[in-house]
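In the UniProt record's numbering, the protein residues as written are 1 to 184. Glycine is no exception: its CB is placed at the ideal position from the N, C-alpha and C atoms.
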Amino acid sequence: MNTYFCESLAASVIRPSSSPPGAGFFFVEKKDKSLRPCIDYQGLNTITVKNCYPLPLMSSAFELLQGTTVFTKLDLRNAYHLICIREGDERKTAFNTPTGHYEYLVMPLGLTNVPAVFQALVNDVLRYMLNRFVFVYLDDILMTRPVSNSNNSSVLLTSIGSSSKAKALLLHPYIGSHPPCKEK
């Protein structure tokens, strides 16, 4: 637990909080025996206005894949942590632990609108390629090889290279660092 907090504080994922409310915090063991942090945001989620941004249907992915023999799958690891919490709303993500009271500076898992916000962002970044040769489902990107081009990954990177959102989202290497969020 202490390792998680030290690494998250150093990477500016969390910071100490003075917010009065706080959700419960615990770890859950994953299949590979590593631990995943879980925060009980049920109270916050019940009063949150739901974002109804639609997630893509799997049938549209199957339509895109018909006749395709070559495709590439990209998995955006820790992708939600690449999106900063809106300034002033960080206190809403506060959580209690035996070692202290913290709040997230980036999108944590467990909030009701995180998948919808993330899907909208990725769709916006890749909008010119969606359903042509790119299918996106949350943090998974599936690229098919267009018949006219033999190197779809270079097309993808060239197409999104000029977008500042894309640079923060897709071209940001994850080495324990995150985009800078404003500290108070």
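### Query
Using a Cβ-Cβ cut-off of 6 Å (strictly less than) and excluding sequence neighbours within five positions of T68, which residues of its own chain qualify?
In the sequence shown, the residue the question calls residue 68 occupies position 68. The answer, listed in chain order, is T144.
### Three-state secondary structure (DSSP) of T69
Within the sequence shown, residue 69 is the residue found at index 69, counting from 1. Here T69 sits in coil by DSSP.
### Query
Quick one, which of I39, S18, S17 and P21 has its alpha-carbon nearest F27's?
Within the sequence shown, the letter at position 27 stands for residue 27. For F27, the nearest C-alpha among the options comes from I39.
### Query
CB-CB under 6 Å to N51, same chain, minus the five flanking residues each way: which ones, in chain order?
Indexing the sequence shown from 1 puts residue 51 at position 51. Cβ neighbours of N51 beyond the five flanking positions: N113 and A116.
### Task
With a 10 Å radius around its C-beta and 16 neighbouring C-beta atoms as the bar for buried, classify I14 as buried or exposed.
On the sequence shown, residue 14 is found 14 positions in, with the first residue counted as 1. Classification for I14: buried.
### Where the alpha helix (DSSP H) through L35 begins and ends
For the purposes of this step, residue 35 is taken as residue 35 along the sequence shown, with counting starting at 1. Counting along the chain, L35 falls outside any alpha helix (DSSP H), though it belongs to the beta strand (DSSP E) covering L35 to D40.
### Query
Alpha carbon to alpha carbon, how far is G88 from D140?
The residue you call residue 88 lines up with position 88 of the sequence shown. The residue you call residue 140 lines up with position 140 of the sequence shown. Going by the C-alpha atoms only, they are around 30 Å apart.
#### Entry: CB contact flag (M1, T93, <8 Å)
As a working mapping, residue 1 is identified with position 1 in the sequence shown. As a working mapping, residue 93 is identified with position 93 in the sequence shown. No.
### Query
How many whole angstroms separate the CB atoms of Y41 and L111, which I take to be in contact at a CB cut-off of 8 Å?
Numbered from its first residue, the sequence shown carries residue 41 at position 41. Numbered from its first residue, the sequence shown carries residue 111 at position 111. About 6 Å; that satisfies the 8 Å criterion.
### Query
Distance, Cα to Cα, L55 vs Q119?
Sequence index remark: in the sequence shown, residue 55 carries index 55 (1-based). Sequence index remark: in the sequence shown, residue 119 carries index 119 (1-based). Approximately 7 Å, taken between the alpha carbons.
### Task
Select from I47, V70 and L121 the residue whose C-alpha is nearest the C-alpha of I83.
Position 83 of the sequence shown holds residue 83. Among I47, V70 and L121, the Cα nearest to that of I83 is on L121.
### Query
Which one or two residues does DSSP pair with P16 in a beta bridge?
Sequence index remark: in the sequence shown, residue 16 carries index 16 (1-based). Per DSSP, Y102.
### Own chain residues within Cβ distance below 7 Å of H81, not counting five before or after
As a working mapping, residue 81 is identified with position 81 in the sequence shown. Hits under 7 Å: V13, V106, M107 and H178.
### Query
In or out: L64 buried (at least 16 other Cβ within 10 Å) or exposed?
The residue given as residue 64 occupies position 64 in the sequence shown. By the neighbour-count rule (16 or more Cβ atoms within 10 Å), L64 is buried.
### Beta-carbon contacts of N45 that lie in its chain and below 6 Å, excluding the five residues immediately before and after
For this step, residue 45 is matched to residue 45 along the sequence shown. Excluding sequence neighbours, N45 sits near T112.
### Task
Less than 8 Å between the CB atoms is what I'm expecting for S34 and E103, so what's the real figure, rounded?
Stepping through the sequence shown from its first residue, residue 34 is reached at position 34. Stepping through the sequence shown from its first residue, residue 103 is reached at position 103. Not confirmed; about 24 Å, so no contact.
### Message
So, at 8 Å on beta carbons, what are the nonlocal neighbours of L130 in its own chain, with the 5 sequence-adjacent residues on each side left out?
### Response
Reading the sequence shown from its first residue, position 130 is the one you call residue 130. Within the same chain, L130 has close Cβ partners N123 and V136.
### Counted within 10 angstroms of its Cβ, other Cβ atoms place P20 as buried (16 or more) or exposed
To locate residue 20, count along the sequence shown from 1; it is residue 20. Answer is exposed; the Cβ neighbour count stays below 16.
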